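The sequence shown stops at residue 275 when you use the working numbering, and every number in between is there.
We put the beta carbon where it would ideally sit given N, CA and C, even for glycine.
It should be emphasised that the depicted structure is a prediction, and the values quoted were computed from it without experimental measurement.
Remarks on the structure that follows.
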Amino acid sequence: MKRLIVFGPSSSYGMGLEDPKNEVWGGVLSNKLNRNFINNSVPAASNKLISYKITSFDYQPDDIVFIMWSFPDRYTILKSDKKFINLMATSEEDDIILYYKNFHEDFDHEFMSKVYINYSLDYLRKKNIKVFSLFHAEFLNKSLDEVDTLIPIYYDRFDNGYSRSSDGVHLGIEGNRDFGNTLYRYVTNISESTQQFI
């Protein structure tokens with residue numbers, strides 16, 4: 078069966094959902110496209126970690142990839158045993174607070190985030206993998222050197238008064254359903270207009 082592969086942070090992982098595989102937007106989208114859903118998302122992932130996951134995955138020629146890019150202020154320390162440590166500015170852990178106090182610089186994180194994003198997209202292009210880029214908010218898409226992978230549909234606009242997931246932060250079942258269905262309409266319209274099959 079053809080595959081739909083998703084990379085991203087908690088908003089594509091399905092944080093706070095009872096049945097993330099089926100309830101998260103990637104599960105909704107894969108069902109509509111009749112594709113096997115492979116979710117490589119990691120809660121609190123930085124764009125560095127997302128890039129690492131993208132460039133170390135084993136692709137098949139007819140894969141479709143959706144990437145929910147993360148916030149630039151996140152950072153990941155990769156370890157040689159393939160484990161990692163994610164750092165977030167909202168953390169209450171003392172060593173992470175020290176990192177953001179003494180080492181973090183917005184410009185540096187934004188620059189490196191842009192490098193990770195564009196390197197990953199170039200990597201997938203060279204493999205002839207069909208890829209779509211997603212962002213939480215419109216201002217974050219400035220990281221793209223070329224906007225040909227951008228789907229201009231933003232995660233933070235799909236609250237619509239619905240209940241949040243159990244963590245109170247992420248979209249709940251209805252928000253994920255609407256987001257997945259909207260993505261489906263977008264990619265199938267693109268497919269029809271270019272006479273390509275998704």
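Note to self: Going by the DSSP bridge assignment, what does phenylalanine 256 pair with across the sheet?
What the structure shows: Here residue 256 corresponds to residue number 179 of the sequence shown, with the count starting at 1. Looking at the DSSP assignment, phenylalanine 256 forms no beta bridge with any residue, so it has no partner.
Margin query: With distance defined between alpha-carbon atoms, name the residue in Gly245, Thr153 and Lys207 nearest to lysine 79.
Written below: Looking up residue 79 in the sequence shown gives position 2. Residue Lys207 is the option with its Cα nearest to lysine 79.
Margin query: Taking the straight line between their C-alpha atoms, what separation do you get for methionine 92 and lysine 160?
Written below: By 1-based counting over the sequence shown, the position of residue 92 is 15. By 1-based counting over the sequence shown, the position of residue 160 is 83. Their backbone Cα atoms lie some 20 Å apart in a straight line.
Check: Should the stretch 244-263 be called in touch with the stretch 96-107, which here means at least 3 C-beta pairs below 8 Å?
Finding: yes
Check: Whose C-alpha, out of Ile267, Asn266 and Tyr261, is nearest the C-alpha of valine 105?
Finding: Within the sequence shown, residue 105 is the residue found at index 28, counting from 1. Ranking Ile267, Asn266 and Tyr261 by Cα distance to valine 105 puts Tyr261 first.
Notebook entry, point to check: By DSSP, does serine 80 sit in helix, in strand, or in coil?
Noted result: Numbered from 1 along the sequence shown, position 3 holds the residue referred to as residue 80. According to the sequence as given, residue 80 is arginine; it is not serine. In the structure shown, arginine 80 sits in a strand (DSSP, three-state: E or B).
Next item on the list: Determine which residues share a DSSP beta bridge with isoleucine 144 and list them.
Entry: As a working mapping, residue 144 is identified with position 67 in the sequence shown. Bridge partners of isoleucine 144: Phe84 and Ser210.
Next item on the list: Would you be able to state if there are at least three C-beta pairs under 8 Å between the stretch 168-176 and the stretch 126-139?
Entry: Segments in contact, no.
Next item on the list: Helix, strand or coil for isoleucine 127, going by three-state DSSP, please let me know.
Entry: Counting from one through the sequence shown, the residue named residue 127 turns up at place 50. Three-state result, isoleucine 127: helix.
Note to self: Between which residues of its own chain and histidine 186 is the CB-CB distance below 6 Å, once the five residues before and five after are set aside?
What the structure shows: Residue numbering aside, residue 186 sits at position 109 when the sequence shown is read from its first letter. For histidine 186, where only same-chain residues beyond five positions count, the Cβ hits under 6 Å are Pro149 and Asp150.
Next item on the list: Round the Cβ separation of glycine 249 and tyrosine 263 to the nearest angstrom and send it over; I've been treating them as touching at under 8 Å.
Entry: As a first step, residue 249 is located in the sequence shown; it is residue number 172 there, counting from the start. As a first step, residue 263 is located in the sequence shown; it is residue number 186 there, counting from the start. That belief does not hold up - the Cβ atoms of glycine 249 and tyrosine 263 are roughly 21 Å apart, past 8 Å.
Notebook entry, point to check: Where does arginine 241 sit, in a helix, a strand or coil, going by DSSP?
Noted result: Here residue 241 corresponds to residue number 164 of the sequence shown, with the count starting at 1. Strand.
Next item on the list: Give the DSSP-derived three-state secondary structure of asparagine 205 in the structure shown.
Entry: In the sequence shown, the residue the question calls residue 205 occupies position 128. It is coil, neither helix nor strand.
Next item on the list: Would you mind reading off the limits of the beta strand (DSSP E) that contains tyrosine 231?
Entry: Residue numbering aside, residue 231 sits at position 154 when the sequence shown is read from its first letter. That residue, tyrosine 231, is in no beta strand (DSSP E); it is neither H nor E in DSSP.
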